[in-house]
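Number of protein chains: 6
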Amino acid sequence: MPIVRIEMWAGRTQAQKRELARVITEAMVNIAQTTPEATIIIFEDIPKENWAQGGVLASDQ
Amino acid sequence: MPIVRIEMWAGRTQAQKRELARVITEAMVNIAQTTPEATIIIFEDIPKENWAQGGVLASDQ
Amino acid sequence: MPIVRIEMWAGRTQAQKRELARVITEAMVNIAQTTPEATIIIFEDIPKENWAQGGVLASDQ
Amino acid sequence: MPIVRIEMWAGRTQAQKRELARVITEAMVNIAQTTPEATIIIFEDIPKENWAQGGVLASDQ
Amino acid sequence: MPIVRIEMWAGRTQAQKRELARVITEAMVNIAQTTPEATIIIFEDIPKENWAQGGVLASDQ
Amino acid sequence: MPIVRIEMWAGRTQAQKRELARVITEAMVNIAQTTPEATIIIFEDIPKENWAQGGVLASDQ
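Protein chains in written order, with this note's numbering: chain A, 1 to 61; chain Y, 62 to 122; chain B, 123 to 183; chain S, 184 to 244; chain F, 245 to 305; chain W, 306 to 366.
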């Protein structure tokens, strides 16, 4: 605890995930008074054909 | 907001997802008083070997 | 299967949820070739102080 | 109902998922007073590059 | 890791959750080769008016 | 898109959530090349009796 789950479109690089993991863990520790070891971050890569906004798939926009 | 998340077995076509996105967004706008732009729909395709009911994997049934 | 999860701001009425359940189940059956009995819908009411967009809590906007 | 969702690192075998589905369904039925048929279990395989703890991706550890 | 999330209707007792946590953690350790300390279990209590099957809210059935 | 979901034990203040929303949105924009407006953050407050680690409910530890 805490668990942070980040849904983004597929295509972010490992370098971006590595940096997000570092910075968001730091924010959780500083602001929410937890420890780095207790902070879990999970990324979910969503393909554009599995995401819609305004009633239209992102892969059709 | 709102966010609608639809878990289905893998195998639905893009045409089916496109139609679901259209119809469900319409339902959210008409019934829950939101806008199409504020309505996000995410599909998750679950393989049959990752789903169990009655204690048995769907891929074993 | 399928499972549909709908996150909305708290405040929608039972009548709205009842109608959403009916219409979205119907859409799943017609478009995704499932049965009503196999279609589960879960609503999650999110309070405005637990939701942010643009870096600002909805309760502050 | 109930729905049990299990996030594990990718790499568990079908035999392990089959056994987990059996044993956890049994636990739900015995302890939570439900039926096997009403108990749904979903596995999600998380690749190590999509998981961080202590601010570091599991694929970097 | 792993993370197990259990959605049930509201109304299960603390004793039931305590026993589920114990037995399911044991199953994860024995079958999925993890440790008790690495196994997180989260319960979500769903009120009957937030759950529908067959197009009908459980609170209406 | 993206959607960030943060599960923490109940008890964090509005001030802490406000600051987390601000800082994490900033991280998403800087690192994952999105916009503040496209970044949604949802907090979920988990009571200690709904969370277990090591097979024991946090409310029992």
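Idealized CB from N, CA, C, for every residue including glycine. Note that the coordinates shown come from a computational prediction; the quantities given were computed from them, not determined experimentally.
- When Cβ-Cβ separations below 7 Å define contact, residue 131 of chain B makes no contact with chain W.
- Closest in alpha carbon position to residue 46 of chain A, among A:32, A:38, A:8, is A:8.
- Exclusion of the five residues before and after residue 166 of chain B leaves 127, 128, 129, 130 as the residues of its chain whose Cβ lies within less than 8 Å of its Cβ.
- Per DSSP, the continuous alpha helix (DSSP H) segment holding residue 323 of chain W begins and ends at 319 to 337.
- One finds 336, 337, 338 in chain W with Cβ atoms closer than 9 Å to the Cβ of residue 16 of chain A, taken in chain order.
- With fewer than 16 neighbouring CB atoms inside 10 Å of its own CB, residue 91 of chain Y falls in the exposed class.
- The three-state secondary structure of residue 354 of chain W, taken from DSSP, is helix.
- Shortest Cα-Cα distance from residue 100 of chain Y to any of A:49, A:57, A:24 involves A:57.
- Our two residues, residue 247 of chain F and residue 270 of chain F, have alpha carbons roughly 13 Å apart in a direct line.
- Membership of residue 251 of chain F in the beta strand (DSSP E) is indicated by the continuous run 247 to 253.
- Sequence-distant partners of residue 170 of chain B (beyond 5 residues in either direction) whose C-beta falls short of 8 Å from its own C-beta, in its chain, are 131, 132, 179, 180, 181.
- When Cβ-Cβ separations below 7 Å define contact, residue 330 of chain W makes contact with chain B.
- Across the structure, residue 264 of chain F and residue 280 of chain F are spaced so that their CA atoms are roughly 14 Å apart.
- Setting aside the 5 residues that flank it on each side, residue 52 of chain A is surrounded in the same chain by 58, each with a C-beta closer than 8 Å to its C-beta; the list follows chain order.
- Residue 136 of chain B and residue 164 of chain B have their C-alpha atoms roughly 13 Å apart.
- A Cβ-Cβ separation of about 5 Å places residue 266 of chain F in contact with residue 360 of chain W under the 8 Å criterion.
- Residue-level contact check: residue 327 of chain W touches chain B, since one or more beta carbons of chain B fall below 7 Å from its beta carbon.
- Under DSSP, residue 349 of chain W forms a beta bridge with W:312.
- Approximately 6 Å separates the beta-carbon atoms of residue 32 of chain A and residue 321 of chain W; this is inside 8 Å, confirming the contact.
- In terms of beta-carbon proximity, residue 141 of chain B stays away from the interface with chain F, with every pair separated by 7 Å or more.
- Interface residue (Cβ-Cβ distance to chain F less than 7 Å): residue 169 of chain B is not classified as such.
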